[in-house]
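Those protein sequence lines, which keep their order, are chains W and F.
To convert, count from 1 in the first sequence and add 10; that's the numbering used here.
To convert, count from 1 in the second sequence and add 30; that's the numbering used here.
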Amino acid sequence: MLNQMLDKTASSYPDNDAVVSGESRLTYHALRETVLKLAGGLRAQGVSESDCVALVLPNCPEFLTSFFAISRLHAIALLLNPSFKESELTHYVEDSETTLIITDTARAEICQALIDKSDRQIKLVVVGDTPVSGVAFSELLNHAPVDAVSTVPYEGTVLYQYTSGSTGKPKRVSRTQVNVFSQAKSCVDTLGVTMEDSIFCSVPMYHAYGFGECLLAATCSGAKLVILEPYSKDGVVSEIPFVFRRPRVLELIKTEKVSILPSVPYVYSILASTPPDPTIDLSTLRLCISAGNFLAKDIFDKFLLRFGLPIRQLYGCTEAGSVAINMAASPEQRFDSVGQPMNGVEIKVIGDDGNEAQPGVTGELAIKSNTLTQGYHDAPEVNKEVFREGHYFTSDLGTKDKDGYIFITGRKKIFIDTGGHKVDPFEIENILATHPNVKEVVVVGTKRPYAGEVIKAVVVAQGECDESSIINYCQDKLADFKNPRIVEFRDEIPKSALGKILRKDLI
Amino acid sequence: MMATEEIKSKIYSVVLSILTNTTEDQISDDSDIFALGLDSVNAMNLIFRLQEEFGVEFDMGEINLDNFRTVSNMEELVKSKQGV
Numbered sequence: 011m012l013n014q015m016l017d018k019t020a021s022s023y024p025d026n027d028a029v030v031s032g033e034s035r036l037t038y039h040a041l042r043e044t045v046l047k048l049a050g051g052l053r054a055q056g057v058s059e060s061d062c063v064a065l066v067l068p069n070c071p072e073f074l075t076s077f078f079a080i081s082r083l084h085a086i087a088l089l090l091n092p093s094f095k096e097s098e099l100t101h102y103v104e105d106s107e108t109t110l111i112i113t114d115t116a117r118a119e120i121c122q123a124l125i126d127k128s129d130r131q132i133k134l135v136v137v138g139d140t141p142v143s144g145v146a147f148s149e150l151l152n153h154a155p156v157d158a159v160s161t162v163p164y165e166g167t168v169l170y171q172y173t174s175g176s177t178g179k180p181k182r183v184s185r186t187q188v189n190v191f192s193q194a195k196s197c198v199d200t201l202g203v204t205m206e207d208s209i210f211c212s213v214p215m216y217h218a219y220g221f222g223e224c225l226l227a228a229t230c231s232g233a234k235l236v237i238l239e240p241y242s243k244d245g246v247v248s249e250i251p252f253v254f255r256r257p258r259v260l261e262l263i264k265t266e267k268v269s270i271l272p273s274v275p276y277v278y279s280i281l282a283s284t285p286p287d288p289t290i291d292l293s294t295l296r297l298c299i300s301a302g303n304f305l306a307k308d309i310f311d312k313f314l315l316r317f318g319l320p321i322r323q324l325y326g327c328t329e330a331g332s333v334a335i336n337m338a339a340s341p342e343q344r345f346d347s348v349g350q351p352m353n354g355v356e357i358k359v360i361g362d363d364g365n366e367a368q369p370g371v372t373g374e375l376a377i378k379s380n381t382l383t384q385g386y387h388d389a390p391e392v393n394k395e396v397f398r399e400g401h402y403f404t405s406d407l408g409t410k411d412k413d414g415y416i417f418i419t420g421r422k423k424i425f426i427d428t429g430g431h432k433v434d435p436f437e438i439e440n441i442l443a444t445h446p447n448v449k450e451v452v453v454v455g456t457k458r459p460y461a462g463e464v465i466k467a468v469v470v471a472q473g474e475c476d477e478s479s480i481i482n483y484c485q486d487k488l489a490d491f492k493n494p495r496i497v498e499f500r501d502e503i504p505k506s507a508l509g510k511i512l513r514k515d516l517i
Numbered sequence: 031m032m033a034t035e036e037i038k039s040k041i042y043s044v045v046l047s048i049l050t051n052t053t054e055d056q057i058s059d060d061s062d063i064f065a066l067g068l069d070s071v072n073a074m075n076l077i078f079r080l081q082e083e084f085g086v087e088f089d090m091g092e093i094n095l096d097n098f099r100t101v102s103n104m105e106e107l108v109k110s111k112q113g114v
């Protein structure tokens, strides 16, 4: 189905820019041609139907071409956070039985290391000049393209993503081409995306949000996808805090006539604090979307005041992609609503009695949609709990008003919001619990000004244990954004009379 | 108008209050604070705290990597804003 989707877009708008990143600019015709050649190259590497190919890539044109080439072969793309450490990547690659990894030169070494330790044969493809290991991505493009004739739409699995749950153990979500195509259609129809739009990709495409509102929205409609190229100085690429990329972001919005900006509250807070500058021109922007975390009123107000644009909250999950957005004519009146269900999506608020709650009454949000996964891999107990009667029970708590606008009020599960990332404290606790000098540990997020939390580990130690020992232990096993920034030692963890950890007392 | 040493001392104080895992002996005038763990959340805090501390407002063009990479870079920026 995704093959037909790309073919249709490429034939309808062959000369439209599909993806722009730095000096690189691909039209839809060129994108499709590249996809067909890459599919030929991947096939020559042994990739065939139902094989899993891991993408360990930042946002880049090769992310798009790889995804559609994998889809073309009826294989499965596993989308992974490129900042994962070796131990995290190893877990996902082994669990999904990945047969080939596509990464870039910055991450080639770590990927090669995990391949060397694996009992299985895993191939490596590297984006960038003269990779020291693996096959060069550019080499795969020298292969004959696969047959471009679209036959019967393929409806099998095309996507693996991992999501954390209350156990802290990431679970594999698989979604079919029907699910993903339905998500693309739902997004384009609800947001009114057309070939005249230009979408700025400031959120990672390995995440459900960036994958849906950027990659799928553009390729389904013929819109242009504008990628913020990595920061590079003297040929060395490095990651730098977003605030230092702000001038480049504003320049791209102006020069590429960006009309849709899917982003996160943190980025909007930085943009809203932009000092006055007459050269800034955001007049092409028509839709500013926020997701990933609750949008604070002061950010909404500051952005509206600074740029005259309301930020519209979107709600989604890895299991179904985006499912609701606030498209109200005057979102100022209920800025804190994630709006109404997107096209083809049903969202119910289920009360404690198991029935649909009345307007204004809080309950658990349950989603029904063609975009929804069938369940988690190898997790029958969890599946029985959260996938019931055709609905996915999200663990998100919320209400609906009388007009059907949804308000998220909390979560049954806890996440820490740090620098635009959602971090599951249980994942860090599970790692630290294996530290030989940690008797007990609780991880919490402490609020910091300017939109964010800092991860704090509260530790009850046994024997000699200091802050650096705790941080170093995590550095080897967790992506940098998950590392605790504060370590607090206590004699005991505060608990209620029933033994429940009093997390609020640790913040 | 602040003396150079006072400016530097205040910058150190702000940086160390933000980089909570860094101690005084781990940082010098020319240490790369990004290498010391200045992440996205902390970067915003650093900019705002420096503005508050010195009563200045950085222009958009001034908020770049080169002006904030080291204590020396920040000192130069603050001095130029204060006309020192």
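From the three backbone atoms N, C-alpha and C, an ideal C-beta is built for every residue, glycine too.
These numbers were taken from a predicted model, which means no experiment stands behind them.
For L217(W) and T381(W), I'd like the C-alpha separation in whole angstroms.
Just to set this straight, residue 217(W) is His in the shown sequence, not Leu. Cα-Cα distance, rounded: 15 angstroms.
Per DSSP, what are the beta-bridge partners of V162(W) in this structure?
None; V162(W) has no bridge partner.
For L235(W): DSSP bridge partner residues:
V29(W) and I209(W)
Quick check: the region 406-420 of chain W against the region 341-350 of chain W, are at least 3 beta-carbon pairs closer than 8 angstroms?
Cβ pair count under 8 angstroms is three or more, so yes.
Starting from G462(W), follow its DSSP beta bridges and name the residues at the other end.
R458(W)
I need the straight-line Cα distance from L225(W) to A40(W), nearest angstrom please.
16 angstroms
Would you give the residue range spanned by the alpha helix (DSSP H) that A79(W) belongs to?
Counting along the chain, the alpha helix (DSSP H) containing A79(W) begins and ends at P71 to R82.
Range covered by the alpha helix (DSSP H) that runs through A116(W):
T115 to K127
Compare the Cα-Cα distances from S212(W) to each of F221(W), K394(W) and H153(W) and report the closest residue.
F221(W)
Which residue comes first and which comes last in the beta strand (DSSP E) that contains Y241(W)?
Y241 to K243
Does the region 51-60 of chain W come close enough to the region 17-35 of chain W that 3 or more CB-CB pairs lie under 8 angstroms?
no
Is it a yes or a no for the region 191-203 of chain W touching the region 351-358 of chain W, going by three-plus beta-carbon pairs under 8 angstroms?
yes
Classify F94(W) as helix, strand or coil using the three-state DSSP reduction.
coil
Are at least three pairs of beta-carbons, each pair with one atom in the region 305-323 of chain W and one in the region 275-282 of chain W, less than 8 angstroms apart?
yes
Assuming M11(W) and Y164(W) are in contact, meaning their beta carbons sit under 8 angstroms apart, how far apart are those beta carbons, in whole angstroms?
7 angstroms
Continuous alpha helix (DSSP H) stretch holding L89(W): start and end
Per DSSP, L89(W) belongs to no alpha helix (DSSP H); it is in the beta strand (DSSP E), I86 to L89.
First and last residue of the alpha helix (DSSP H) that includes Y483(W)?
E477 to Q485
K492(W) Cβ short of 7 angstroms to the ligand MN heavy atom set
Absence of the ligand MN from the depicted structure is noted, as is the absence of any ligand whatsoever, leaving it without description.
To the nearest angstrom, how far is it from the Cα of S148(W) to the Cα of V142(W)?
14 angstroms
Cα-Cα separation, G232(W) to H445(W)
Roughly 51 angstroms separates the two Cα atoms.
Helix, strand or coil at E223(W) [DSSP, three-state]
helix
Could you run through the region 57-90 of chain F and flag, in chain order, every residue whose CB is less than 8 angstroms away from some CB of chain W?
F64, G67, L68, D69, S70, V71, N72, A73, M74, N75, I77, F78, E87, F88, D89 and M90
Proximity below 8 angstroms, CB of P257(W) to CB of G91(F)
yes
Buried or exposed (CB count within 10 angstroms, at least 16 for buried), K47(W)
buried
Do A376(W) and T409(W) count as a contact pair if the criterion is CB distance below 8 angstroms?
no
Verify the CB distance criterion: does S176(W) have a CB-CB separation below 8 angstroms to chain F?
Any reading at S176(W) must be qualified, since the residue scores a pLDDT of 43, below 50, and its modelled position is unreliable; the value itself is stated next. No, its Cβ sits nowhere closer than 8 angstroms to a Cβ of chain F.
For V371(W), count neighbouring Cβ atoms within 10 angstroms of its own Cβ and tell me buried if that reaches 16, exposed if not.
Exposed.
Cα separation between I357(W) and H387(W)?
24 angstroms
In angstroms with no decimal places, state the Cα-to-Cα distance between K181(W) and M205(W).
36 angstroms
Of all the CB atoms in chain W, is at least one closer than 8 angstroms to the CB of K111(F)?
no
Neighbour-count burial assignment, S590(W), 16 or more Cβ in a 10 Å radius:
Residue coverage of chain W in this structure runs from 11 to 517, which leaves residue 590(W) outside it and unanswerable.
Do the CB positions of E96(W) and A116(W) come within less than 8 angstroms of each other?
no
Show which residues of chain W have a CB atom less than 7 angstroms away from the CB atom of I41(F).
Here the premise fails: no neighbours, minimum Cβ distance about 17 angstroms.
Ordered along the chain, which non-local residues of its own chain (more than five positions away) have a Cβ less than 7 angstroms from that of T524(W)?
No statement about residue 524(W) is possible, as the shown extent of chain W runs from 11 to 517 and does not include it.
Are I63(F) and T100(F) touching if we call contact CB-CB under 8 angstroms?
yes
Would you mind stating whether K378(W) and G364(W) have Cβ atoms separated by less than 8 angstroms?
no
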